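Residues in the sequence shown are numbered consecutively from 90, following this note's numbering.
Only one structure is covered here, and it is reproduced in the block below.
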Amino acid sequence: MASKRHLPVASAVLEECESRDSDLESLVESRSMESSDSDSPGSLSSDSESERSDDSEPEVSAVRTWCSIDLDGDQAAPPRFPFTGTPGMKIEAGCNNPLAFQKLFLTDEVIEKIEDDKRVRWTTTRCSPPEVCKKQNLFLGLVILQGVVGKPMQKWYWSKNKMIATPFFGKVIPEYRFSLIMKYLHFANSKKFDETTHPAPKLKKIWEVSQMILQNFQQTYVPERDISIDESLMAYKGRLSWVQYIASKRA
90 MASKRHLPVA
100 SAVLEECESR
110 DSDLESLVES
120 RSMESSDSDS
130 PGSLSSDSES
140 ERSDDSEPEV
150 SAVRTWCSID
160 LDGDQAAPPR
170 FPFTGTPGMK
180 IEAGCNNPLA
190 FQKLFLTDEV
200 IEKIEDDKRV
210 RWTTTRCSPP
220 EVCKKQNLFL
230 GLVILQGVVG
240 KPMQKWYWSK
250 NKMIATPFFG
260 KVIPEYRFSL
270 IMKYLHFANS
280 KKFDETTHPA
290 PKLKKIWEVS
300 QMILQNFQQT
310 YVPERDISID
320 ESLMAYKGRL
330 SWVQYIASKR
340 A
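Right, dumping it as structure tokens:
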């Protein structure tokens, strides 16, 4: 009795499988028809491409020049691009002293630009005009000297301790005045800044002065033919958008 009860179920399953097989066959036939239809334009396109290649073949063969290569001998290196520049100074410094060469790059226009921007910075926070603007050349000289005489803290340059004292700094500018110039040092006028017209908005704080110094370098000195530019990125985790942080670089 159990086998008779299962007969209708088995027949229904067989009928469903047969209907699925027929649907699958019809789907395969329809796709084969579509592929056969799509072959005709493809053949036309391949024929057109072959015709184009045949047309371009004479043009390529006309400009192609074959030459024999001696595999046994040493191959000569390709010639280098000709160097047409004349390396060295483009203008005369006038006299042979460090200050004259510094003024070729940090010209009076650059110093005046820094002083004007610093004066604007000062007047936005204080009432009286600053007297420290007159010490700009002395300030820059001490900053350059700090790169030669290295100390871990700025105030140590004015220290009176005999073990670490450098009296020259105190004779040029007092520590308070140097710190005041450093505090209000500015290279841009924020009131005249327009983000829509500025060529480099992210570098707005140093853009004008850097371009002036770059132009002075281009007008003063031509480098040699071979230049080695070594780049090493330092670890940085700040919030400046124009500074890139790469974790694989050394810290």
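Yeah, the Cβ is synthetic: ideal placement off N, Cα and C, and Gly gets one too.
Since the model is a prediction, treat every value here as computed from it, not as a measurement.
Compare the beta carbon distance of L231 and V261 with 8 angstroms and say whether it is the shorter of the two. As a first step, residue 231 is located in the sequence shown; it is residue number 142 there, counting from the start. As a first step, residue 261 is located in the sequence shown; it is residue number 172 there, counting from the start. Yes.
Check: For Y265, which three-state DSSP category applies?
Finding: By 1-based counting over the sequence shown, the position of residue 265 is 176. The three-state secondary structure of Y265, taken from DSSP, is helix.
*What are the boundary residues of the alpha helix (DSSP H) that includes F194?*
In the sequence shown, counting from the first residue as 1, residue 194 sits at position 105. F194 -> alpha helix (DSSP H) spans P187 to F194.
Quiz item: Does DSSP put G327 in a helix, a strand or coil?
Solution: The count along the sequence shown starts at 1 and reaches residue 327 at position 238. G327 falls in the coil class under three-state DSSP.
Go through its chain and collect everything with a Cβ distance to W247's Cβ below 6 angstroms, but skip five positions before and after it.
-> Mapped onto the sequence shown, residue 247 falls at position 158. Contacts found: F258, G259 and E264.
Test item: CB-CB of V298 and K202 under 8 angstroms | Counted from its first residue, the sequence shown places residue 298 at position 209. Counted from its first residue, the sequence shown places residue 202 at position 113. Cβ distance < 8 angstroms, so V298 and K202 count as in contact.
- Item | DSSP state of G174 mapped onto helix, strand, coil | The count along the sequence shown starts at 1 and reaches residue 174 at position 85. Of the three classes helix, strand and coil, the one that applies to G174 here is coil, per DSSP.
Check: So, helix, strand or coil for V209, using DSSP?
Finding: Walking along the sequence shown from the start, residue 209 turns up at place 120. Correct three-state label for V209: helix.
Next on the checklist: Helix, strand or coil for V311? Go by DSSP, reduced to three states.
Outcome noted: In the sequence shown, the residue the question calls residue 311 occupies position 222. When secondary structure is reduced to three states using DSSP, V311 falls in the strand class.
Worksheet item: What did DSSP end up calling S157 once you bin it into helix, strand or coil?
Response: Taking the sequence shown and counting its residues from 1, the one referred to as residue 157 is at position 68. Reduced to three states, the DSSP call for S157 is coil.
- Message: Once DSSP output is grouped into helix, strand and coil, what is the label at D197?
- Response: Residue 197 sits at position 108 when you count from the first residue of the sequence shown. Correct three-state label for D197: helix.
As assigned by DSSP and simplified to three states, the class of S248:
For this step, residue 248 is matched to residue 159 along the sequence shown. Note: S248 maps to coil in three-state DSSP.
Of the residues S268, S157, K294 and P312, the one placed nearest A277, counting alpha carbons only
As a first step, residue 277 is located in the sequence shown; it is residue number 188 there, counting from the start. Looking at the Cα atoms, K294 is the closest of the given residues.
Sort K326, F282, W296 and L193 by Cα distance to T309 and report the nearest one.
-> As a first step, residue 309 is located in the sequence shown; it is residue number 220 there, counting from the start. Ranking K326, F282, W296 and L193 by Cα distance to T309 puts L193 first.
Query raised in the report: Taking the Cβ atom as the reference point for each residue, do D291 and S330 lie within a distance shorter than 8 angstroms?
Result: Translated into the one-based positions of the sequence shown, residue 291 becomes position 202. Translated into the one-based positions of the sequence shown, residue 330 becomes position 241. Rather than Asp, the amino acid found at residue 291 in this sequence is Lys. It is a contact, given that the beta carbons lie within the stated cut-off.
* Asked: How many whole angstroms separate the CB atoms of F190 and A182, which I take to be in contact at a CB cut-off of 8 angstroms?
  -> Position 101 of the sequence shown holds residue 190. Position 93 of the sequence shown holds residue 182. Sure, about 5 angstroms apart at Cβ, within 8 angstroms.
message = Once DSSP output is grouped into helix, strand and coil, what is the label at S279?
response = Working through the sequence shown from its first residue, we reach residue 279 at position 190. Here S279 sits in helix by DSSP.
Q) Hey, would you say the C-beta of G236 is under 7 angstroms away from at least one heavy atom of the ligand PLP? A) The ligand PLP is absent from the structure shown, which contains no ligand whatsoever.
Checklist entry - Excluding the five sequence neighbours on either side, which residues of its own chain have a C-beta within less than 8 angstroms of the C-beta of P176, listed in chain order? => result The count along the sequence shown starts at 1 and reaches residue 176 at position 87. Same-chain partners within the cutoff: V311, P312, E313 and R314.
So for V332, helix, strand or coil by DSSP? The sequence position of residue 332 within the sequence shown is 243, counting from 1. Of the three classes helix, strand and coil, the one that applies to V332 here is coil, per DSSP.
Would you kindly check if the distance between the Cβ of M301 and the Cβ of V199 is under 8 angstroms?
-> By 1-based counting over the sequence shown, the position of residue 199 is 110. By 1-based counting over the sequence shown, the position of residue 301 is 212. Contact flag set, yes.
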